[in-house]
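Peer 1: Provided herewith is a single structure, encoded as structure tokens, for subsequent inquiry.
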């Protein structure tokens, strides 16, 4: 059997479903693979109705949404069955099996756009945050996640279902953490009341500001306390020396030195001077 398409012989007896002669698409050996059957179908399906009538042939095949149950012969037409769940047939066919519906794998960044029917395949589209890198029959068969912009870059063009995200670098004096749609200017700490710059900004982070009061207080305390201690010591020494000097001067005025002052009188004067200074220290 060399011919792929076998003309059905005209029956002498009229049989239901028989119109003149016919082309049995299904008179192919059972060993024929599905691709061969599909190729034969595509060739015959190109014959438009006018040409079929002119040639006097009948295309003996099953309609979309169906599959072949038994092949046609010269005595009977093809019988068919509907496609099973999860399968479809979108054309005239001579195949005994419908095509499996496409699975829109979420792990591959796809979701269902149009569900599978007996006469049409599933149509997939990218998930949110993905874009299509391979399309077929108005659907997407492969998707890729939108890239993330790096710190120091901003999103110059948001990604869509068909295009990737586009990033651009921030200019001097601005920053972005990679999620901004435009770079933001660094905060000017000095232009704000009671704020000072703690850490300068860079391309990926804003400047860090802090309050003036806290640092000023620490600075004042660190200077004033040591100076106060030093001043107290100096004042204490000055008063002590002044006390001693004043006592000696007063005693010299009240008791002019004598050439031959008795030892006992000299000790009494020294004791009085010491007692006066001690009283002065206690009062301070």
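Numbering (the UniProt record's numbering), first residue to last: 1 to 284. Where a beta carbon is used, it is the ideal one built from N, C-alpha and C, also for glycine.
(1) Which residues does DSSP pair with residue 67 in a beta bridge?
(2) Can you tell me whether DSSP reads residue 114 as helix, strand or coil?
(3) Bridge partners for residue 135 per DSSP, in chain order?
(4) Should the stretch 132-151 be called in touch with the stretch 116-124, which here means at least 3 C-beta pairs below 8 Å?
(5) Look up residue 157 in the DSSP assignment and give the residues it is bridged to.
(6) Roughly how many angstroms lie between the CA atoms of residue 198 and residue 241, to the nearest whole one?
(7) Using a Cβ distance threshold of 8 Å, determine whether the stretch 192-208 contacts the stretch 220-233, with at least three qualifying pairs required.
(8) Would you call residue 193 buried or exposed, if buried means 16 or more other Cβ atoms sit within 10 Å of its Cβ?
(9) Please list, in chain order, all residues of the same chain as residue 128 whose beta carbon is under 6 Å from its beta carbon, the five residues on each side excluded.
(10) What's the call for residue 79, buried or exposed, on a 16-neighbour Cβ count within 10 Å?
(11) Please work out which residues of its chain come closer than 8 Å, Cβ to Cβ, to residue 195, disregarding the five sequence neighbours upstream and downstream, and give them in chain order.
(12) Taking buried to mean at least 16 other C-beta atoms within 10 Å of its own C-beta, is residue 155 buried or exposed?
(13) Please report the straight-line C-alpha distance between residue 48 and residue 106, rounded to a whole angstrom.
(14) According to DSSP, what are the bridge partners of residue 130?
(15) Mind checking whether residue 87 and residue 101 have CB atoms under 9 Å apart?
(16) With a CB to CB cut of under 7 Å and the five nearest residues on each side skipped, what residues in its chain are close to residue 98?
(17) Considering Cα atoms alone, identify which of 234, 137 and 70 is closest to residue 113.
(18) Name the residue from 232, 177 and 93 whose alpha carbon lies nearest to the alpha carbon of residue 119.
(19) Just to confirm before moving on: does the CB-CB distance between residue 171 and residue 153 stay below 9 Å?
(20) In whole angstroms, what separates the C-alpha of residue 95 from that of residue 160?
(21) When burial is assigned at 16 or more other CB atoms within 10 Å of the CB, is residue 236 buried or exposed?
(22) With DSSP as the reference, label residue 185 as helix, strand or coil.
(23) In whole angstroms, give me the CA-to-CA distance for residue 164 and residue 158.
(24) Rounding to the nearest angstrom, what Cα-Cα distance links residue 150 and residue 168 in this structure?
(25) Who are the Cβ neighbours of residue 115 in its own chain at under 7 Å, not counting the five residues just before and after it?
(26) Just mark residue 77 as buried or exposed, buried being the case when its beta carbon has 16 or more other beta carbons within 10 Å.
(27) Within 10 angstroms of its Cβ, does residue 173 collect 16 or more other Cβ (buried), or is it exposed?
Peer 2: With the structure as the only source:
(1) Residue mapping note: residue 67 aligns to position 67 of the chain shown, counting from 1. Residue 67 pairs with 81.
(2) In the chain shown, residue 114 corresponds to position 114, counting from 1. Shown here, residue 114 sits in a strand according to DSSP, grouped into three states.
(3) By one-based count along the chain shown, residue 135 stands at place 135. In the DSSP output, where bridge partners are listed per residue, residue 135 has 140.
(4) yes
(5) Within the chain shown, numbered from 1, the residue matching residue 157 stands at position 157. In DSSP, residue 157 forms a bridge with 166.
(6) Taking the first residue of the chain shown as position 1, residue 198 is located at position 198. Taking the first residue of the chain shown as position 1, residue 241 is located at position 241. Distance between the alpha carbons of residue 198 and residue 241: 49 Å.
(7) As far as the Cβ criterion goes, the stretch 192-208 does not touch the stretch 220-233, which means the pair count is below three.
(8) Here residue 193 is taken as the residue at index 193 of the chain shown, counted from 1. Residue 193 should be labelled exposed.
(9) What you label residue 128 is simply residue 128 of the chain shown in a count that begins at 1. Excluding positions up to five away in sequence, the list is empty.
(10) Taking the chain shown and counting its residues from 1, one reaches residue 79 at position 79. So residue 79 ends up on the exposed side.
(11) Residue 195 sits at position 195 when you count from the first residue of the chain shown. 189, 209, 210, 211 and 212, listed in sequence order.
(12) Here residue 155 refers to the residue found at position 155 when the chain shown is read from its first residue. Label assigned to residue 155: buried.
(13) For this step, residue 48 is matched to residue 48 along the chain shown. For this step, residue 106 is matched to residue 106 along the chain shown. Per-residue confidence for residue 48 stands at a pLDDT of 45, beneath the threshold of 50, marking its modelled position as unreliable; the derived number appears in the next sentence. Rounded to the nearest angstrom, the two C-alpha atoms are 41 Å apart.
(14) Counting from one through the chain shown, the residue named residue 130 turns up at place 130. Paired residues: 145.
(15) Within the chain shown, numbered from 1, the residue matching residue 87 stands at position 87. Within the chain shown, numbered from 1, the residue matching residue 101 stands at position 101. Yes, the Cβ-Cβ distance between residue 87 and residue 101 is below 9 Å.
(16) One-based indexing of the chain shown puts residue 98 at position 98. Cβ within range, chain order: 67, 83, 84, 87, 88 and 89.
(17) Taking the chain shown and counting its residues from 1, one reaches residue 113 at position 113. Considering only 234, 137 and 70, the residue with the shortest C-alpha distance to residue 113 is 137.
(18) One-based indexing of the chain shown puts residue 119 at position 119. Selected option, being the one with the closest Cα: 93.
(19) Translated into positions along the chain shown, residue 171 becomes position 171. Translated into positions along the chain shown, residue 153 becomes position 153. No, these two residues do not count as a Cβ contact at 9 Å.
(20) Looking up residue 95 in the chain shown gives position 95. Looking up residue 160 in the chain shown gives position 160. Their backbone Cα atoms lie some 39 Å apart in a straight line.
(21) One-based indexing of the chain shown puts residue 236 at position 236. Counting Cβ neighbours within 10 Å, residue 236 comes out exposed, since fewer than 16 surround it.
(22) One-based indexing of the chain shown puts residue 185 at position 185. It is a strand residue.
(23) Walking along the chain shown from the start, residue 164 turns up at place 164. Walking along the chain shown from the start, residue 158 turns up at place 158. When rounded, the distance between both Cα atoms is 7 Å.
(24) Locating residue 150 in the chain shown gives position 150, where the first residue counts as 1. Locating residue 168 in the chain shown gives position 168, where the first residue counts as 1. Between residue 150 and residue 168, the C-alpha separation is close to 9 Å.
(25) Start at 1 with the first residue of the chain shown, and residue 115 comes out as number 115. For residue 115, where only same-chain residues beyond five positions count, the Cβ hits under 7 Å are 122.
(26) Position 77 of the chain shown, counting from 1, holds the residue named residue 77. Taking all protein chains shown into account, residue 77 has 16 or more neighbouring C-beta atoms within 10 Å of its C-beta and is therefore buried.
(27) Start at 1 with the first residue of the chain shown, and residue 173 comes out as number 173. Exposed, since its Cβ has fewer than 16 Cβ neighbours within 10 Å.
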